[in-house]
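Per the numbering used here, the very first residue in the sequence shown carries number 913; after that it's consecutive.
Ideal Cβ positions, reconstructed from N, Cα and C, are used throughout, including at glycine.
For clarity, every value in this text was computed on a predicted model and none was experimentally measured.
Below is one structure; the comments refer to it alone.
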Amino acid sequence: MSKKVLILCTGNSCRSIIAEAMINAKLDGIEADSSGVKASGRVNPNAEKLLKEKGIWKDAYHSKVLDEVIDNTYDLIVTVCD
């Protein structure tokens, strides 16, 4: 059974999206989501470019408000902003 991690930040456009993608691509047995308390509604173009260069970009990655994941169960919640 995989562990679930939520990466939480303010805008959910850059750092949290990168962390979500890297965890999902590199760590077996861990499934990551990301969300923002004030989601920007878009992925930072530089974050998307980086993930494409690394070969781990998925069109499913998008900026999400916390309401989209609030009912999910997570084993760990990590914040990447103040």
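message = Using a Cβ-Cβ cutoff of less than 7 Å, which residues in the same chain neighbour Val955 once the five nearest sequence positions on both sides are dropped?
response = Ser925, Ile929, Tyr973, His974, Ser975
task = To the nearest angstrom, report how far apart Asn958 and Met913 are at their CA atoms.
result = 33 Å
query = Looking at C-alpha atoms only, which residue of Asp994, Trp969, Val917 is the closest neighbour of Gly941?
reply = Val917
request  = Check whether the Cβ atoms of Val990 and Asp945 sit closer than 7 Å, and answer yes or no.
outcome  = no
request  = Could you spell out the range, first to last residue, of the beta strand (DSSP E) harbouring Leu920?
outcome  = 915 to 921
key: Supposed close pair Lys938, Asp987 - CB separation, criterion 8 Å   = That pair is no contact at about 17 Å.
key: Where Glu965 falls, given that 16 or more other Cβ within 10 Å makes a residue buried   = exposed
task = Can you say whether Gly948 is buried or exposed, counting buried as having 16 or more other CB atoms within 10 angstroms of its CB?
result = buried
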